[in-house]
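Undergrad:
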Amino acid sequence: MGPRLSRRRALALPALVTAPLSAGGAAAGPAAPSGVRPFYVPSGWGRTHGVAAGPPLRAGARPLVLLHLMPFSSAWFRPLQLAMPERPTLAFDLAGSGGSSPPPGPPPFEAYADAIIAALDQLGVGRFDLMGYHTGAGVAAGALFSGSRGVTKDG
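Shown next, in the form of structure tokens:
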């Protein structure tokens, strides 16, 4: 099993991610399959879209954060999320994919990791496990090796 990632500082985990979120409150979006909860958080260039599944986040929960390959979206992980009903999961759309806003121009690769870490901060997620596939694996590695992002290798 790969390394687990965690935040250096402890953050309170509100029971969030139970309803769609956006900068202006509840956001309407396409109907989601049963068992998943879409949400939005503000980002530096608009909004970051994600989909939560499994039990709602609670204090002490350690969700599995899923990052997709390009040019796909978080929907790529939906079968995995639905196959793990006992584990809280958060699948994010990388900038410019799925329901996430596109950046104003081609961002440096590190900006994708920054956007995901910022979204996790806004959701109040402290510790988490991180899984990426293809492009998402590069974003996960960028989050791990950036040092200043507050992500550490945890065993």
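Going by this note's numbering, the residue at position 38 of the sequence shown is 23; the numbering climbs one at a time, nothing skipped.
For each residue, glycine too, the CB sits at the ideal point set by N, CA and C.
Per DSSP, residue 52 forms a beta bridge with which residues?
TA: According to DSSP, which records beta bridges pairwise, residue 52 is partnered with 77, 117.
Undergrad: Expressed to the nearest angstrom, what Euclidean distance is found between the alpha-carbon atoms of residue 59 and residue 49?
TA: Cα to Cα, the separation comes out at about 13 Å.
Undergrad: Do residue 101 and residue 77 come within 8 Å of each other at the CB atom, strictly closer than that value?
TA: Contact flag set, yes.
Undergrad: Using a 10 Å radius around the Cβ and a threshold of 16 neighbouring Cβ atoms, would you call residue 124 buried or exposed?
TA: It counts as buried.
Undergrad: Confirm, please, whether the CB-CB distance from residue 79 to residue 119 is below 8 Å.
TA: Cβ atoms of residue 119 and residue 79: not closer than 8 Å.
Undergrad: Examine the Cβ distances between the region 85 to 96 and the region 65 to 75 and report whether three or more of them are shorter than 8 Å.
TA: Touching, no, given that fewer than three Cβ pairs across the two stretches are closer than 8 Å.
Undergrad: Which word fits residue 128, buried or exposed, when buried means at least 16 other C-beta atoms lie within 10 angstroms of its C-beta?
TA: Buried: at least 16 other Cβ atoms inside 10 Å.
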